[in-house]
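4 protein chains.
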Amino acid sequence: MTKKIQAGIIGGAGYTGGETLRLLLRHPNVEVTFVQSRSQAGKPVASIHTDLMGELDIRFTDSLEQKVDVVFLCLGHGESKNFLSEHSFDANTRIIDLGNDFRLNNSISDRTFIYGLPEWQREKIRHAQNIANPGCFATAIQLGLLPLAAHGLLGEVYTTGITGATGAGQKLQDTTQFNWRSNNISAYKTLTHQHLGEINQTLQVLQPGFRGRLNFVPWRGDFTRGIFVTSVVDTNLDLASIINMYRSFYQTHPFTHLSDTMIDLKQVVNTNKCVIHLEQVDHKLAIHSSIDNLLKGASGQAVQNMNLMFGLPETSGLLLKASTF
Amino acid sequence: MTKKIQAGIIGGAGYTGGETLRLLLRHPNVEVTFVQSRSQAGKPVASIHTDLMGELDIRFTDSLEQKVDVVFLCLGHGESKNFLSEHSFDANTRIIDLGNDFRLNNSISDRTFIYGLPEWQREKIRHAQNIANPGCFATAIQLGLLPLAAHGLLGEVYTTGITGATGAGQKLQDTTQFNWRSNNISAYKTLTHQHLGEINQTLQVLQPGFRGRLNFVPWRGDFTRGIFVTSVVDTNLDLASIINMYRSFYQTHPFTHLSDTMIDLKQVVNTNKCVIHLEQVDHKLAIHSSIDNLLKGASGQAVQNMNLMFGLPETSGLLLKASTF
Amino acid sequence: MTKKIQAGIIGGAGYTGGETLRLLLRHPNVEVTFVQSRSQAGKPVASIHTDLMGELDIRFTDSLEQKVDVVFLCLGHGESKNFLSEHSFDANTRIIDLGNDFRLNNSISDRTFIYGLPEWQREKIRHAQNIANPGCFATAIQLGLLPLAAHGLLGEVYTTGITGATGAGQKLQDTTQFNWRSNNISAYKTLTHQHLGEINQTLQVLQPGFRGRLNFVPWRGDFTRGIFVTSVVDTNLDLASIINMYRSFYQTHPFTHLSDTMIDLKQVVNTNKCVIHLEQVDHKLAIHSSIDNLLKGASGQAVQNMNLMFGLPETSGLLLKASTF
Amino acid sequence: MTKKIQAGIIGGAGYTGGETLRLLLRHPNVEVTFVQSRSQAGKPVASIHTDLMGELDIRFTDSLEQKVDVVFLCLGHGESKNFLSEHSFDANTRIIDLGNDFRLNNSISDRTFIYGLPEWQREKIRHAQNIANPGCFATAIQLGLLPLAAHGLLGEVYTTGITGATGAGQKLQDTTQFNWRSNNISAYKTLTHQHLGEINQTLQVLQPGFRGRLNFVPWRGDFTRGIFVTSVVDTNLDLASIINMYRSFYQTHPFTHLSDTMIDLKQVVNTNKCVIHLEQVDHKLAIHSSIDNLLKGASGQAVQNMNLMFGLPETSGLLLKASTF
């Protein structure tokens, strides 16, 4: 049996850290070497991620091992850069950053980060040393638009997306308090969401003259996991042609599926999938897409990227049982 | 003390019938004369609307009294026309139809229906004999757009709206089953929702040359009550001017409020209010609006219309305690 | 028209303060003179209780008026005693404390507090100057047991109760975070809940030799409002006799209703009602009872007590429209 | 590589059928040979279990293969007996019935069923030809009581349990409609739940003189998955001794864990685990236990039993990633 990949997790007490750990623990080719957490150092990991009771005995640490094969940075947005300024890893260690620090400005000292959206640039990811893992809304929106942009067909886009409360992270705050959030909907960062930058960056590479505007209205949903997005664009093509274009684009990608019937958010919760459904009325095309914000929108995609970087099957450790209900 | 308005409810066992009853029972100027239900005739009303336990002793009936002052038709969409073909009321009886039967084709035999959106045409409602009560999404969307249309400023509109499960009515169906609906989001009737007709009808009266298109994507939400809508339109005005326009438009309307801060759906649940919040980025204006689909979007607006028709204060019986949490 | 009751609210920014305000604003005989909040002083009340938008212009204050007719203390448990040590009101001012400070040790300086459970001691409340308003679980449990205790029939009691997240107050904490609380159940304060003291105090007055033990397991529910309780006791009576006993006990009490069919929690949400249902199997009697923890379990019962103290109809301002769905 | 176990699923379109399929698809030693459904025969399996999109191409069938190694009966309660009267399988085929047909009356023609609770009788299960898989509430309650009964220490038990809506099955009904079930709690089958029979059967074998009574109040919860149970019993032992007894009893059982801290329902959702927490006050012991009703309470335990019957590691295919949030 080949040697397992030695993996470390930085920021292991948060949501994406916990999800990354849950995935790696069950990954057939990975051994978790350490789980770092500044706030929880010394405590048993299963005392924070209580679903892991009975599965592991390790404790959070704040001392790192620099020689691991791969490190997952699961820190708050903006903290990865600071962390890498203060800590260094072996030159051979691969780094996957789940924060937004290196998605646009993609380098620090001698490390350059590749934007880790496999459906866009799988080959680059296979050869990458460092990955900037995409944002959750950015993943759901881009997967809905990539085939159109790849064919230079994208004009102005109107997108509304709704996200579960885990998207807001673990810190106690008014907008994730149960009494406010339950049975409630609200908008935030209207037309100014921070993922617009990375989405536009991708679209402009795929469709070089892209001057369209992405008008994105994010909503807060009253559920914990998942993202559902609908984008409306103008089109002159017939629906059958567009569907063929999408099928062709995604046919070798194991996690992104085009559905003939309407999709719903829970279809993909606790999986690494993205499901897409297309509808057309007159010259308007509506593109619905849905992912689990913590998996395909964060930790699952990070492990998918790891699989690609280490030459493993893309789906290793990611064929998860959906919770469905 | 003046004589109370004698009111009858047709279709009293359903959601809007029940809400209308709850409102009328507490209305200082109304006496409920009968509550009709074909399916539940003979049963105590409080055995179906169990929250009314201890408040009333009456039973559902299927025999009508033709001389009541006002009748509320709380039937499924398409059933009001049939009902009025088979039953007649005294010529003086006012009829308020909560279905969609008379919103576009507004007459049957010698009765003509006025579209009952007070914020648009309150004076006409005051003198109406029959009211076609607006749809729930139609109310939330129109209240977000009326001031722009009244000033002839409306171009193409991109709207996403989310509705609670009570919007789908009481009949058992897959999309309102708990195990599917909870923690889930999906789209339906994309760009083809049946309320587009009544919305366009209003907008074209207000802004005669209106050739804009309303691109509306409805979503099913995982909550029971409420509608939240965001519309995005182009604008050349500055935000302060638009806010003034909205404030001026709604200043005499007691239920529609412009908020300086972001609104949320639960603010208006179990009230007859509509709250609106405006945001601008570059030349894009985002209009958020929210109502309770069963109250301002149905039974509450019906009672508001009744108040206007009978010369009562517009808010009579409608200053409800919000449930809030 | 008679002069309105002048009312002040202390701790008006919290949940029970807000609910008390919502009730008093719509109460036909009350005028809210001031709404005190130390943390929010100076801010518009409607900026915190956003459902009140358009209904009132007042701001939170931290200066009190000592000559109001009635003051509602809506502070955290343990804070009322401190507050009254530091502030005094006119000797004629009635005080209703929603905290637990005076339920067992019922006096401070020259004020003595009557335990404000109208179904137990309505006449004492009518003549009280100060009221210790019962706890939420204590209300639901006692209303399920009072008739048995009044007949000296109560033995050991096994009770499980579940409460909405508003019962935990407004402070941000792990157990009211959305991502933890939603779709979750857990137990807390097993067999040691702080309401046991006031329940036992009542039962021992009603059934002087009561040496039975109340084994109470409280659960946290994944909803915002409401309490549902089931108590199981031994009995030698037949069910019909017990039902008669309960009906007779509650027949003059306008908010507590015995149901012939199974009750459910949402029946009473956003109302001041308590519903009770009895079942018997062999010699075991199961007593189900349900209330809204913020209304019959707090602010609603406080206003009910105020009505009694001021000689108003017991239901004034409390015939609320249920939210039901 | 050894030959995979050939498995068939009867009633594959329902909740437990779907969960069994989800588990078997990912099980390293199993090949799903057919998925039977009378109502959905001919339709793609992924059109009903839409989370499986992209994972399998098979269709529901109504023709069976009699020579499979194991058949899972995932039918409604009472239907397994009829099914086996009308269909026969090869004498070597093992049958695991998820219904309640053979838990008490444990045989049909020449097949005898062993009650499949591994924590009670793992050795018998290893050698069984047919398994009567325990009920969901029965599993959660028994796992809380087994160690006490095994030591002959069980007296009268007072248990309250709450279950998710998937426990009620897939058929549309009033109590699983979203508008009723959400944010609601109610009781059903008070003191008469059908699982009492199988629980008492187990307890009486373990503690032969057991004449205690199990007073069980089941509640309907407003979530989809999971069961949380608290049982209260008298005890003369100290808590430390009881904890030792439980630890010792469960130490070789991989899915049942004793927690030092309070448990919560979501800890085990989408896993095959049972977590237990013990508390003592005076002479009362409270035992909290929680499982996922569809996994440890149904399909997961069925696969666990299959593992035992076929000599596989007990946890094969059952180390699932929890959904947690």
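Chains as they are written, first to last, in the numbering used here: chain A, 2 to 326; chain B, 2 to 326; chain C, 2 to 326; chain D, 2 to 326.
By construction, the Cβ of each residue, glycine as well, lies at the ideal position given by its N, Cα and C atoms.
This one's a predicted model, so the numbers in the text were calculated from it and none came from an experiment.
Under 8 Å from the C-beta of residue i: neighbouring residues of chain D
i	result
K322(A)	R23, L24, R27, N271, L321, K322
H258(A)	M54, G55
8 Å CB neighbourhood of residue i in its chain, flanking five on each side removed
i	result
A188(B)	V218, P219, W220, R221
T164(A)	C137, F138, P219, W220, R221, G222, G227, I228, N294
L22(C)	I10, G13, V33, V36, V46, H50, L53
Y247(B)	P148, L259, I277, L279
L240(C)	L279, E280, Q281, L286
Neighbourhood of residue i by C-beta distance below 6 Å, restricted to the same chain and skipping five residues each side
i	result
M263(B)	H278
L25(D)	A8, V31, V33
F250(C)	P148
A166(A)	T177, R182, T225
Beta-carbon separation (whole angstroms), residue i vs residue j, contact threshold 8 Å
i	j	result
G168(D)	C137(D)	6 Å
I126(D)	N306(D)	6 Å
G162(A)	I228(A)	6 Å
L99(B)	F73(B)	7 Å
T191(B)	E280(A)	5 Å
L286(B)	V234(B)	5 Å
I186(C)	D265(D)	7 Å
H284(A)	N237(A)	7 Å
L321(D)	N271(D)	6 Å
Residues of its chain near residue i, where Cβ-Cβ distance is below 7 Å and the 5 sequence neighbours each way are ignored
i	result
K5(A)	N30, V31, E32
A129(D)	I115, M310
L215(B)	V158, T160, L197, I200, N201
L65(D)	G9, F35, Q37, H88
G213(C)	L155, G156, E157, V158
F211(D)	A150, L155, L204, Q205
Beta-carbon proximity of residue i to residue j, cut-off 7 Å
i	j	result
R104(B)	N131(B)	no
I109(A)	N134(A)	no
Q195(C)	L155(C)	no
F1(D)	R182(B)	In this structure chain D extends from 2 to 326, so residue 1(D) is not present and cannot be described.
G145(C)	I288(C)	yes
A323(B)	D52(C)	yes
V304(C)	S291(C)	no
S81(C)	D63(C)	no
T316(A)	E120(A)	no
L76(A)	A150(A)	no
R95(A)	V71(A)	yes
Chain A contact residues for residue i, given Cβ-Cβ distances below 7 Å
i	result
V276(D)	M54
F84(D)	What F84(D) touches in chain A: nothing, since even the nearest Cβ is about 24 Å away.
T231(D)	Ordered by position in chain A, no residue passes the 7 Å Cβ test against T231(D), which lies about 18 Å from the chain.
Chain-ordered chain C contacts of residue i [CB-CB under 8 Å]
i	result
E87(D)	Neighbours of E87(D) on chain C: none; closest Cβ ~36 Å, over 8 Å.
T290(D)	Checking the sequence shown, residue 290(D) turns out to be Ser, not Thr. Per Cβ cutoff of 8 Å: no residues; S290(D) is ~11 Å from chain C at best.
L327(A)	The structure shown has nothing for residue 327(A), since chain A only spans 2 to 326.
Check: residue i C-beta below 6 Å from any heavy atom of the ligand GTP
i	result
N134(A)	Among the components of this structure there are no ligands whatsoever, and the ligand GTP is therefore not found.
Interface residues of chain C facing residue i [CB-CB closer than 9 Å]
i	result
A166(A)	Q178, F179, N180, S183
Chain D residues whose Cβ lies nearer than 7 Å to that of residue i
i	result
N237(C)	Those do not exist, as N237(C) stays about 16 Å from chain D at its closest Cβ, beyond 7 Å.
T51(A)	Q268
Interface residues of chain B facing residue i [CB-CB closer than 8 Å]
i	result
R226(C)	S324, F326
Any 3 or more C-beta pairs closer than 8 Å across the segment 310 to 319 of chain A and the segment 36 to 54 of chain A: no
Three or more C-beta pairs below 8 Å linking the segment 8 to 28 of chain D and the segment 294 to 307 of chain D: yes
The segment 78 to 91 of chain C / the segment 50 to 60 of chain C touching (three or more Cβ pairs under 8 Å): no
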